[in-house]
Ligand code: PHE
Ligand code: FE
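In our numbering, the protein residues as written are 6 to 292.
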C-alpha cells in the first residue's frame, strides 16, 4: 500500500513530514520515534516552548490538564514516547505512537478507537516558535496528551475514534470534524473558578490561550451538538467562537448516542459561519 500523506484545511503546501523514512513507516502510518534525529536545538525549542506555556496555565487551563502535565516527564528535553507510555498505559490504557505528521481520516480514527494517540515526532524550527501551520510534537504532546491521563476524557477520545469510523461510512466526516475542532482542539470548560481551556489548539498556543479564556472579543456559546456541527471554522486565525462544556462527563454523555439521525438532519441544513450568533445560543459569561 502506498502511504499517502494528508493535509487538512485548504493548503497547497506539501506536508512537511517524511512519510517514507526508508521504509520505517507502517501501513497504519506509525513509525519509530526518530529520537536520534533530534538536535540540541530541537531539545532547546521544546524546553523553551514548555517553559513559556506551563507558566501561563494557572487560571487559564482546566484543573485536569494542570494536574496531569508533569506526567509528560522532564521539560528539559523532548520526551521519549516509551517513557510516557509507561505512565500513560497504567493510568488509562492509552499509548502515544509516533507518526510522520498529519495522517488520513481512517487510520487516524482507527488508532484512536484502539486507544493509540498519534503524535508527530518532529519539532518546529526556532523561526516558527510562536506559530506553526501544521501540528508538530509540541502541539501533539503538550496539547493533547495530558488529558489522556484523565479516565473520562480518555474514554471520550476512544469513542470519538469509533464514531469517526462510523462518520466515514456515512460521509459525515466534515460534520464530525467540526465537533472535534470545537471540543478536542478549541474547547472551553466551565469550572468552579471560572472558564478554562481544555482544547489542545488553545493549550499549545501562548497567544490563543489568553485570547480564548480572557479576551472580550470572541463569542463563547454553551455547546450544543447540532449547533457545533453546523459551524465552520477557521484554521489560520484565533477562533471567533468557542463552545463551552460543563464537564468531561457531560461531553461524554452528550456524544454517546448514535449520531446517524444528527448527520441526516445536518445534511439538510446550511452550515453556519464561524462568527454566526443565533437567538437560541446560550452565552457563557466571562469570569
Ligand atoms: N456517538 C457517536 C456516534 O454514534 C460517536 C461519537 C462519540 C462522536 C464521541 C463524537 C464523540 O456517531
Ligand atoms: Fe491537535
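Each residue gets a CB set at the ideal place from its N, CA and C atoms; glycine is no exception.
Since we're looking at a predicted model, the values are computed, not measured.
CA-CA distance, residue i and residue j?
i, j, result
"residue 58", "residue 71", "11 Å"
"residue 40", "residue 134", "20 Å"
"residue 201", "residue 215", "10 Å"
"residue 159", "residue 217", "23 Å"
"residue 141", "residue 110", "18 Å"
"residue 32", "residue 82", "29 Å"
"residue 171", "residue 164", "11 Å"
Check this for me: beta carbons of residue i and residue j, under 8 Å apart or not?
i, j, result
"residue 153", "residue 99", "yes"
"residue 259", "residue 230", "yes"
"residue 161", "residue 264", "no"
"residue 46", "residue 105", "no"
"residue 288", "residue 232", "no"
"residue 169", "residue 190", "no"
"residue 166", "residue 117", "yes"
"residue 38", "residue 126", "yes"
"residue 267", "residue 234", "yes"
With a threshold of 8 Å between beta-carbons, can residue i be considered close to chain C, or not?
i, result
"residue 60", "Reference to chain C is not applicable here, since this structure consists of a single protein chain."
Give me, in chain order, the residues of the same chain whose beta-carbon lies closer than 7 Å to that of residue i; leave out the 5 immediate sequence neighbours on both sides.
i, result
"residue 278", "237"
"residue 13", "Annotation note: pLDDT 46 at residue 13 (below 50); position unreliable, coordinate value reported separately. Closer than 7 Å at Cβ, skipping near neighbours: 107."
"residue 30", "8, 24, 36 and 105"
So, at 6 Å on beta carbons, what are the nonlocal neighbours of residue i in its own chain, with the 5 sequence-adjacent residues on each side left out?
i, result
"residue 250", "194, 228 and 256"
"residue 22", "105 and 106"
Those residues, in chain order, that have a beta-carbon closer than 7 Å to some heavy atom of the ligand PHE: 161, 164, 165, 167, 168, 171, 172, 181, 184, 260, 261, 262, 263, 264 and 265
Stretch pair the stretch 86-99 + the stretch 181-193: three plus CB contacts closer than 8 Å: no
Meets three-Cβ-pair contact criterion under 8 Å: the stretch 140-152 and the stretch 77-96: yes
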